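4 protein chains.
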Amino acid sequence: MKLIVTDNYNEMSQIASHHMLGYMTQNRRVNLAITAGHTPAKLYEHLVSAIGGRSGYSHVHYYNFDEIAFKGQHREGVTISNLRQLFLSPAQIKETNIHKLTNDNFLDFERLLKEEGGLDLVLMGLGSDGHFCGNIPGLTRFHHTVVKHPIEGDLAEFIARTEMKGDLSSVPDHYVTMGPMSVMAAKNLLLIVSGENKAWALAQVIEGAVTEQIPASVLKLHPSLLIIADRASASQLSPESLERYVQG
Amino acid sequence: MKLIVTDNYNEMSQIASHHMLGYMTQNRRVNLAITAGHTPAKLYEHLVSAIGGRSGYSHVHYYNFDEIAFKGQHREGVTISNLRQLFLSPAQIKETNIHKLTNDNFLDFERLLKEEGGLDLVLMGLGSDGHFCGNIPGLTRFHHTVVKHPIEGDLAEFIARTEMKGDLSSVPDHYVTMGPMSVMAAKNLLLIVSGENKAWALAQVIEGAVTEQIPASVLKLHPSLLIIADRASASQLSPESLERYVQG
Amino acid sequence: MKLIVTDNYNEMSQIASHHMLGYMTQNRRVNLAITAGHTPAKLYEHLVSAIGGRSGYSHVHYYNFDEIAFKGQHREGVTISNLRQLFLSPAQIKETNIHKLTNDNFLDFERLLKEEGGLDLVLMGLGSDGHFCGNIPGLTRFHHTVVKHPIEGDLAEFIARTEMKGDLSSVPDHYVTMGPMSVMAAKNLLLIVSGENKAWALAQVIEGAVTEQIPASVLKLHPSLLIIADRASASQLSPESLERYVQG
Amino acid sequence: MKLIVTDNYNEMSQIASHHMLGYMTQNRRVNLAITAGHTPAKLYEHLVSAIGGRSGYSHVHYYNFDEIAFKGQHREGVTISNLRQLFLSPAQIKETNIHKLTNDNFLDFERLLKEEGGLDLVLMGLGSDGHFCGNIPGLTRFHHTVVKHPIEGDLAEFIARTEMKGDLSSVPDHYVTMGPMSVMAAKNLLLIVSGENKAWALAQVIEGAVTEQIPASVLKLHPSLLIIADRASASQLSPESLERYVQG
Chain D
4 MKLIVTDNYN EMSQIASHHM LGYMTQNRRV NLAITAGHTP AKLYEHLVSA
54 IGGRSGYSHV HYYNFDEIAF KGQHREGVTI SNLRQLFLSP AQIKETNIHK
104 LTNDNFLDFE RLLKEEGGLD LVLMGLGSDG HFCGNIPGLT RFHHTVVKHP
154 IEGDLAEFIA RTEMKGDLSS VPDHYVTMGP MSVMAAKNLL LIVSGENKAW
204 ALAQVIEGAV TEQIPASVLK LHPSLLIIAD RASASQLSPE SLERYVQG
Chain U
4 MKLIVTDNYN EMSQIASHHM LGYMTQNRRV NLAITAGHTP AKLYEHLVSA
54 IGGRSGYSHV HYYNFDEIAF KGQHREGVTI SNLRQLFLSP AQIKETNIHK
104 LTNDNFLDFE RLLKEEGGLD LVLMGLGSDG HFCGNIPGLT RFHHTVVKHP
154 IEGDLAEFIA RTEMKGDLSS VPDHYVTMGP MSVMAAKNLL LIVSGENKAW
204 ALAQVIEGAV TEQIPASVLK LHPSLLIIAD RASASQLSPE SLERYVQG
Chain S
4 MKLIVTDNYN EMSQIASHHM LGYMTQNRRV NLAITAGHTP AKLYEHLVSA
54 IGGRSGYSHV HYYNFDEIAF KGQHREGVTI SNLRQLFLSP AQIKETNIHK
104 LTNDNFLDFE RLLKEEGGLD LVLMGLGSDG HFCGNIPGLT RFHHTVVKHP
154 IEGDLAEFIA RTEMKGDLSS VPDHYVTMGP MSVMAAKNLL LIVSGENKAW
204 ALAQVIEGAV TEQIPASVLK LHPSLLIIAD RASASQLSPE SLERYVQG
Chain C
4 MKLIVTDNYN EMSQIASHHM LGYMTQNRRV NLAITAGHTP AKLYEHLVSA
54 IGGRSGYSHV HYYNFDEIAF KGQHREGVTI SNLRQLFLSP AQIKETNIHK
104 LTNDNFLDFE RLLKEEGGLD LVLMGLGSDG HFCGNIPGLT RFHHTVVKHP
154 IEGDLAEFIA RTEMKGDLSS VPDHYVTMGP MSVMAAKNLL LIVSGENKAW
204 ALAQVIEGAV TEQIPASVLK LHPSLLIIAD RASASQLSPE SLERYVQG
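Right, dumping it as structure tokens:
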């Protein structure tokens with residue numbers, strides 16, 4: 004685990020974009036699983052500015068690592084729609100370079116990934132409850148590969164509010180996600196964290212026990228994890244952690 | 004995780020030696036943490052036969068990953084003594100290529116490892132209780148780096164019987180081991196397993212939950228784990244596991 | 004460049020097989036380009052013994068790097084036929100894991116290789132004239148990718164005698180080979196050398212200038228080249244070379 | 004070989020800085036050999052802005068790959084002085100992370116590099132005569148490791164004019180450089196090219212023969228070479244080259 008603490012969100016986004024562009028300028032196929040949500044918005048702006056519409060990046064392939072379908076609607080799911088808006092469309096990524104995890108292929112997804120060479124990097128955010136990808140406390144077991152989880156109760160309302168403009172009727176009964184075992188199988192992991200509301204979760208991840216109650220706590224066991232966190236989200240880390248993982 | 008199932012112990016030892024020699028014939032510094040015990044005995048015979056006394060392997064460095072000192076005695080500990088007997092001495096490895104984890108340096112060991120480039124491979128056995136390295140059920144937390152554990156009660160008697168010729172007075176109060184987080188930081192892991200008495204533990208590791216009660220269950224989260232198991236030790240694995248991990 | 008000098012041919016074959024099995028036991032797709040001819044015969048015996056008919060190696064893919072068709076005959080070419088006899092058939096390698104370079108696909112072969120992840124290792128022999136793969140003095144330019152070369156005069160007679168049982172009418176007008184630039188694009192190279200009649204060529208390769216007159220002299224510019232040579236073939240190397248590359 | 008063509012010098016500098024920061028944000032020791040001169044000036048501005056004075060980069064080590072001493076003066080040589088001014092000083096790199104090639108250590112430099120893990124990346128510019136590092140036409144042999152070359156005639160005057168403010172009395176009799184064989188031993192190479200006056204050399208490097216008369220022509224034989232060139236310097240490339248290496 005290596006930790007980079009930045010002054011603020013903008014700097015976090017810039018450094019994370021540098022890290023990703025380091026992969027994207029390699030001279031071989033590169034497979035990236037990327038995250039939707041608010042945290043990466045600025046990072047994607049940097050990426051779009053750097054590669055959008057330019058030739059020379061046709062060897063970079065993109066994967067989503069979780070998906071929530073819209074119930075009863077013939078359209079792409081929440082995650083891939085979000086990724087299109089944030090990054091894939093403005094960056095003019097070709098459809099042949101977009102690989103979608105869906106309800107239909109989740110059981111076969113890990114095999115597909117292997118055949119295509121595996122993931123070089125997974126870009127993830129951190130939930131204030133310690134979740135990563137679709138691995139939320141209460142549903143997550145560390146040995147899960149790609150799984151389908153039920154959507155019930157509070158989770159359904161949360162998804163309706165945050166992803167479906169409050170329309171509970173569009174919330175499906177299940178969602179799919181790469182589980183911890185599948186994410187950990189990637190060659191490299193990048194976790195970006197911003198804001199004071201993530202400070203508790205980040206301290207748990209870096210300093211706490213490895214427990215399924217804080218799913219992201221498992222990530223520190225990966226041999227190549229980079230965490231880029233702004234000062235606000237790093238505010239609950241001990242001086243020992245900063246010394247150890249920033250300089251390490 | 005990839006699994007190779009061999010007909011018997013001899014074949015397991017041979018294939019594991021091939022795998023290790025693949026690292027040892029690379030043209031750069033290679034850092035190997037290696038295991039004492041019964042399981043690797045034949046593997047070490049193969050290695051000694053392949054490289055013993057030959058020039059061309061001065062770039063290969065060896066580390067022990069746990070150590071039990073002899074109480075009140077000025078001599079090297081149990082693990083390194085065992086490694087010398089099994090491999091280091093017959094293979095004529097130079098002292099400059101032997102890096103010892105001891106009671107004195109365990110707090111600094113992870114930093115030393117990093118400076119020397121990190122471990123390329125950790126060769127480990129599996130305990131019938133699911134332990135690996137010195138990470139035994141009851142004492143192990145997954146977030147442990149290099150740690151000192153107390154030796155008490157049954158453990159003291161076990162160590163006296165198996166490592167000290169029954170002499171309880173030589174058993175120290177503590178031992179040191181690379182914890183799960185330090186082992187998982189290695190670039191590659193190799194787990195060798197032999198015998199029917201390991202079959203339950205191996206099934207837990209491959210098919211069960213990731214739990215500190217079965218410390219080795221965490222290893223399957225590593226992006227580059229190879230398990231070489233003989234048929235007897237693989238006898239409790241389901242056809243699905245064999246299909247998935249042998250062919251995977 | 005790293006050099007391992009062995010006592011004899013048998014030891015060379017054994018160590019080379021260890022090195023290759025090190026790749027073949029990795030837990031991801033591995034692409035190997037392998038050589039026909041006399042030098043690797045014993046090496047292939049070891050490989051057949053280690054993996055022949057065993058499950059667990061379906062992730063290893065094989066490529067030939069040159070080919071001479073039989074003129075006017077509907078059968079596979081010299082190289083792939085030789086590889087089948089020496090290794091692919093006794094090792095029971097599946098057809099889906101055999102990737103053939105032929106007159107028909109040579110212009111597209113480099114693109115195919117890239118899509119399949121590139122070569123992890125090229126196993127090559129060394130000609131007494133300094134050739135490697137089909138890169139022979141007089142025809143070879145270092146910037147060649149996959150090329151078709153004419154077969155004329157002495158070369159035609161040589162091929163008739165060594166590969167066609169003396170039947171000059173079976174010798175085609177051209178052969179195809181991965182050129183130096185394509186071979187050098189592989190991640191790792193392994194050169195095996197045996198016998199006093201290779202001693203001059205090996206000394207040129209290791210100690211001489213990089214020149215198209217000794218095509219294999221270019222190989223020492225690769226960042227990951229391992230040469231395994233028996234004592235007879237290493238007999239013209241200077242003590243300085245042995246000191247530098249054996250210990251290096 | 005992979006080629007990225009940018010609109011202009013600024014964009015070239017930015018993309019090259021992204022690529023380098025990709026290495027610099029890895030979670031292990033990283034060894035970079037970096038170039039002096041005009042071409043990287045803007046790239047270094049980006050790097051200084053990204054990492055200057057920030058903690059978290061103490062694992063990145065810097066090497067110069069050539070050096071010209073000032074004759075009869077007790078001060079650091081031309082290259083390292085230039086690197087300090089352009090990058091090392093404004094970025095506040097610690098002395099422990101700066102590794103100097105000098106007249107005194109050049110014979111031992113390759114061994115030192117190996118012990119420290121080898122170079123992860125060499126950042127180079129391209130001379131309009133096809134030189135790279137201190138490997139100039141007329142003096143360069145591809146098999147050179149780290150070498151001392153004489154400074155005579157035109158070269159002395161050129162160095163006096165460009166590096167010594169016209170003071171011919173400060174020009175030494177020799178300079179040292181990593182030769183082609185040492186540069187090619189690095190894991191990855193990055194060549195940055197800008198300006199119409201480099202267009203001929205770049206076309207030779209990408210499309211021409213591998214010849215010691217154009218020393219940089221050898222770089223295309225490296226398995227991991229990235230060239231970032233602005234449109235002006237790429238103006239003499241054929242459509243086939245652009246198609247092949249930009250998309251490749």
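Protein chains in written order, with the working numbering: chain D, 4 to 251; chain U, 4 to 251; chain S, 4 to 251; chain C, 4 to 251. Glycine included, C-beta positions come from ideal geometry on N, C-alpha and C. Remember, it's a predicted structure, so these values are computed and weren't measured experimentally.
The criterion of a C-beta distance shorter than 8 angstroms is not satisfied by Thr214(U) and Met184(U). In the three-state reduction of the DSSP assignment, Asp111(U) falls in the helix class. Going by DSSP, Pro153(S) is part of the beta strand (DSSP E) stretching over Val149 to Pro153.
Along the region 212-238 of chain U, the positions whose C-beta sits under 9 angstroms from a C-beta of chain D are Ala212, Val213, Thr214, Glu215, Ser220, Val221, Lys223, Leu224, His225, Pro226 and Ser227, read in chain order. Going by beta carbons, Asn30(C) and Ser227(D) fall inside the 8 angstroms limit.
DSSP places Ala163(C) within a helical segment (H, G or I) once states are collapsed to three.
Fully contained in the region 163-208 of chain U are the following alpha helix (DSSP H) runs of length 4 or more, in chain order: 183-187. Judged by beta-carbon spacing, Lys74(U) lies beyond the 8 angstroms limit of Pro153(U), meaning their Cβ atoms are not closer than that value. Our two residues, Val125(C) and Leu35(C), have alpha carbons roughly 6 angstroms apart in a direct line. For the region 32-46 of chain U, the set of residues with a beta-carbon nearer than 9 angstroms to any beta-carbon of chain C comprises Arg32, in chain order. The Cβ atoms of His134(D) and Pro140(D) sit closer than 8 angstroms to each other. A straight-line Cα-Cα distance of about 5 angstroms links Thr9(C) and Asp233(C). Nearest in C-alpha terms to Met15(C), of all of Leu86(C), Tyr66(C), Leu193(C) and Gly121(C), is Leu193(C). Closest option to Ser197(U), judged by alpha-carbon separation, among Ser131(U), Ala163(U) and Val249(U): Ser131(U).
Taking a C-beta distance under 8 angstroms as the contact criterion, Asn100(U) and Thr82(U) do not qualify as a contact pair.
Pairing Thr105(C) with Pro218(C) gives a Cβ-Cβ distance that is not under 8 angstroms. At least 8 angstroms separates the beta-carbon of Ile195(S) from that of Tyr248(S). Contact with chain U is absent for Gly59(C), since none of that chain's Cβ atoms lies less than 8 angstroms from the residue's Cβ.
Nearest Cα to Glu113(U) within the set Ser172(U), Leu86(U), Asn85(U) and Asp69(U): Asp69(U). In the displayed model, Ala235(U) falls within coil according to three-state DSSP, outside both helix and strand. With respect to chain S, the C-beta atom of Val208(U) has no partner C-beta closer than 8 angstroms. Between the beta-carbon of Ala44(C) and that of Leu89(C) there is about 6 angstroms, and that keeps the pair under the 8 angstroms contact cut. Ser220(U) is positioned such that its CB atom lies no closer than 8 angstroms to that of Gln239(U). Around the beta-carbon of Leu50(C), 16 or more other beta-carbon atoms lie within 10 Å, marking it buried. Leu110(U) and Leu116(U) do not touch by the CB rule: their CB atoms are close to 12 angstroms apart, not below 8 angstroms. Taking 8 angstroms as the cut-off, the beta carbon of Gln95(S) is found closer than this to the beta carbon of Gly56(S). In this structure, DSSP gives Gly128(D) an extended state, which the three-state scheme calls strand. Those residues of the region 186-209 of chain S placed with their C-beta closer than 7 angstroms to a C-beta in chain C are Met187, Ala188, Ala189 and Lys190, ordered along the chain. Along the region 128-160 of chain U, going in chain order, the ones with a CB nearer than 7 angstroms to a CB of chain D are Arg144, Phe145 and His146. The Cβ atoms of Gly59(D) and Ile7(C) sit closer than 8 angstroms to each other. Only buried fits Glu166(C), as 16 or more other CB atoms lie within 10 angstroms of its CB. Here DSSP, grouped into helix, strand and coil, assigns Tyr12(C) to helix. Contact annotation: Val150(U) and Val179(U) have beta-carbon atoms nearer than 8 angstroms. In the DSSP assignment, Asn138(S) forms a beta bridge with Phe135(S). Between Gly120(U) and His21(S), the beta carbon gap of about 23 angstroms keeps them out of contact (Cβ cut-off 8 angstroms).
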